[in-house]
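**Student:** Per the numbering used here, the very first residue in the sequence shown carries number 7; after that it's consecutive.
Beta carbons are placed, not taken as given, at the ideal position from N, Cα and C, and that holds for glycine.
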Amino acid sequence: MLTEILGHMDLASQVAIREDSEERVVLNVQGDDVGRIIGKKGQTLDALQFIITKSSIAFPKGGATCYWIAGTTGSGAKAA
Numbered sequence: 007m008l009t010e011i012l013g014h015m016d017l018a019s020q021v022a023i024r025e026d027s028e029e030r031v032v033l034n035v036q037g038d039d040v041g042r043i044i045g046k047k048g049q050t051l052d053a054l055q056f057i058i059t060k061s062s063i064a065f066p067k068g069g070a071t072c073y074w075i076a077g078t079t080g081s082g083a084k085a086a
């Protein structure tokens, strides 16, 4: 779902999924436009996390209840 949303935002990025615990999944976004994903004062990132988490509660797969989005720029610098 996150990959599709980022595609609609015209952001070239890759999403890797990592289970942090039974209740937490981390979606790691890598690409050159990670700053645009974060947005001004983190508002875009907050909105994406809200949408992904609410969607996972409404349509559960595997029981994870909390999704976090982390970003890495193309150079490997951590952005969020």
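1. Kindly indicate which three-state DSSP category S19 falls into: helix, strand or coil?
2. For the 8 Å Cβ check, are there 3 or more pairs between the segment 42-53 and the segment 20-29?
3. Alpha helix (DSSP H) containing G13: first to last residue?
4. So, at 6 Å on beta carbons, what are the nonlocal neighbours of S19 in its own chain, with the 5 sequence-adjacent residues on each side left out?
5. Taking Cβ to Cβ, would you say D39 is nearer than 8 Å to L17?
**Tutor:** Working from what's here:
1. strand
2. no
3. 8-14
4. If the five residues before and after S19 are omitted, its C-beta is found closer than 6 Å to the C-beta atoms of L12, V35, G37, all from its own chain and listed in chain order.
5. yes
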